[in-house]
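Just so we're aligned: 440 in our numbering is position 413 of the sequence shown, and the numbers increase by one with no gaps anywhere. Everything on this sheet refers to the single structure shown next.
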Amino acid sequence: MLSLSLFMASLDNTILNVALPTLSRELGATMDQLQWTVDSYQVTYAGLLLVAGALADRWGRSKTFLAGALVFGLASMGAALSTTTTMLIWARAVMGIGAALLAPSTLALVSALFTTPKERTLAFALWSGANGAGGAAGPVLSGILLEHFNWSSIFWLNVPVAVAVVGVGAWVLPKRTTPGSGEPVDFLGGVGSMVCLAMVCWAVISAPGLGINSPLVIGVLMAGLGLAALFVWHESRVVAPLMRLDLFTIRQFSVAVGVAGLVTAGGAGALFVLTQHLQLILGFTPLETGLRVLPIAAAVLIGSVMAPHTIQRRGLKITVMVGLGFVTGGFTWMATTGIEDGFGYLLIGALGFGLGAGLLVPAATQAVMDSLPSDVTGVGSATNTALMQVGSALGVAVVGSILASRYRGAVTSADTWANLDLSQQNAASTSLQSAIEVASALPGQQAEQLVAAAREAFVLGMQLGLGVCAACVGVSLISVWALYPSDRFQRL
């Protein structure tokens, strides 16, 4: 039951990506709205994850878990019933709140309910497996559902699971699994972190449409960064901080969580654009798209299996550097994908990314834990998880914004653009799917020219976005080489 609920929360990190072209077509979602359908979930999930962990300790793990499952199920129903993109975005944000309540309480319950070494090993393995399997299964399940039902089915899927989890959990889970903490929960810090992340993401996502020099974009970005600075100040003075800032004085910890967050950001951004590329450029159905994402998940699994042996043989630093090398190479290869290149060309780079991510994430996670004193490993692990979720949110925002900006610039420069009226131009500039719909009402040759220009513009945007991912991960590779001990991560 605990693993099933975590599977459900992890599933919704990826299940929506395959449905993005469908949402654009059926709800008329623009590129920035598509980004928000993904990011609204990530922002609330990341912003409240640490609060939820503290709440589980104070209020009770079982209560927090059941509340999370209930919120997640009700919000999934709201998402399924949405008739506009705005309704869907808000429902997804509430789903993120439910997921934030679920994730830390499931791990805490596993730790409390299973006490013998054999039981704990099996329980933690199932917990980790459910977390990974949910993310891997998302695109495939999305494709299967979209093949036979409409887009709302990907959210209806959660409702019976949530009902079963709440019903069974209320019956079988212990009423009190922790004595409760006397320390106050830092709700102010949690809400503040969520709001500042949302403001930064909004500014990044809105910049292509409003203009990077827009006073509103600049103002919101500055306010978000100012709120982030205020959050750091608050956390340094509050009695029971959500985030132990002193952990970031440990060099190995800081670099390890930075690497994990950056790679997670790149992966989330890449998945956002690649699922659209497979459908809108290569012409695959949602199911075919989901199946073509599976080899990437398999590469991640292979890398994860190889990681322990590589760490033992070569040490953590070398393992992370090799993983970063594969990820950088994978992004670089995918960034060279042209309009005429098929799936096989793209797959080479995607497999490189998957293998590298599978190698480095376990190594970076172990590096985080090895760098910390034993009495703060729980806090350090929670901080690492939260920052990876922040990375996912920012990755979608940044890569999606680069894609949208490059797409608008290229498609509006096409020769056929002057032949469109103002309403057609406004629609075609928002997304490739919208341009295809505009073209369907145009004469034959003009329609072909617009679709060709829009497809080329999309690919140019994807190339630039993935190229930025490659550059950022390449910088992190140099940072690991320069800042880490020569053989393995050690405590300072």
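Each residue gets a CB set at the ideal place from its N, CA and C atoms; glycine is no exception.
Item                                                                                                             : Value
Close Cβ partners of V495 (< 8 Å) along its chain, the five nearest in sequence each way excluded                : V425, V426, I429
Outcome for N411 when other beta-carbon atoms lying within 10 angstroms are tallied against a minimum of 16      : buried
Assigned exposure category for F214 - 16 Cβ within 10 Å defines buried                                           : exposed
Contact the region 157 to 171 vs the region 38 to 52: 3+ CB pairs below 8 Å                                      : yes
Residue burial classification, A468 (beta-carbon count within 10 angstroms, cutoff 16)                           : exposed
Beta-carbon separation (whole angstroms), G74 vs L224, contact threshold 8 Å                                     : 6 Å
L200 burial status per 10 Å Cβ neighbour count (16 or more: buried)                                              : buried
Cβ-Cβ separation, G422 to A295 (assumed contact under 8 Å), whole Å                                              : 4 Å
Cβ-Cβ distance between T291 and S419 below 7 Å                                                                   : yes
V347 and V507 closer than 7 Å at C-beta                                                                          : yes
Helix, strand or coil at Y511 according to DSSP, with G and I counted as helix                                   : coil
Classification of L449 by the beta-carbon crowding that lies within 10 angstroms, buried from 16 upward          : exposed
Straight-line Cα distance separating V266 from V300                                                              : 42 Å
Close-in-space but distant-in-sequence residues of the same chain around R482 (CB under 8 Å, 5 per side omitted) : L307, I308, I366, L459
DSSP three-state assignment for M396, whether helix, strand or coil                                              : helix
Inter-residue spacing [alpha-carbon to alpha-carbon] between A413 and N240                                       : 31 Å
T312 versus L47, S32, A36, residue with shortest Cα-Cα distance                                                  : L47
C-beta contact flag for A83 and T91 at 7 Å                                                                       : yes
Extent of the continuous alpha helix (DSSP H) to which H336 belongs                                              : 313 to 341
Inter-residue Cα distance where the pair is C228 and W63                                                         : 9 Å
Cutoff 6 Å; reference G251; Cβ partners in own chain excluding five residues on either side                      : C223, M226, V227
Reference G100; option with closest CA among L173, L76, L184, A81                                                : L184
Residue of L173, A189, A81 minimising C-alpha distance to L318                                                   : L173
Outcome for A256 when other beta-carbon atoms lying within 10 angstroms are tallied against a minimum of 16      : exposed
Neighbour-count burial assignment, H304, 16 or more Cβ in a 10 Å radius                                          : buried
Length at least 4, wholly inside the region 216 to 284: the alpha helix (DSSP H) runs in chain order             : 242 to 262
Nearest-angstrom Cα separation, counted from Y372 out to W360                                                    : 9 Å
Sequence-distant residues of its chain with Cβ nearer than 6 Å to A94 (five each side left out)                  : L128
Boundaries (first-last residue) of the alpha helix (DSSP H) holding N453                                         : 449 to 455
Where the alpha helix (DSSP H) containing W444 begins and where it ends                                          : Neither: W444 is in no alpha helix (DSSP H) and is coded neither H nor E.
Straight-line Cα distance separating L447 from G385                                                              : 47 Å
Beta-carbon gap between R271 and V406 smaller than 7 Å                                                           : yes
Span separating the alpha-carbon of I375 from that of G357                                                       : 7 Å
Status (buried if at least 16 other CB within 10 Å, exposed otherwise) for A441                                  : buried
Euclidean distance between Cα positions of A234 and G196                                                         : 45 Å
From L491, A130, N453, A120, residue whose alpha carbon lies closest to that of A362                             : L491
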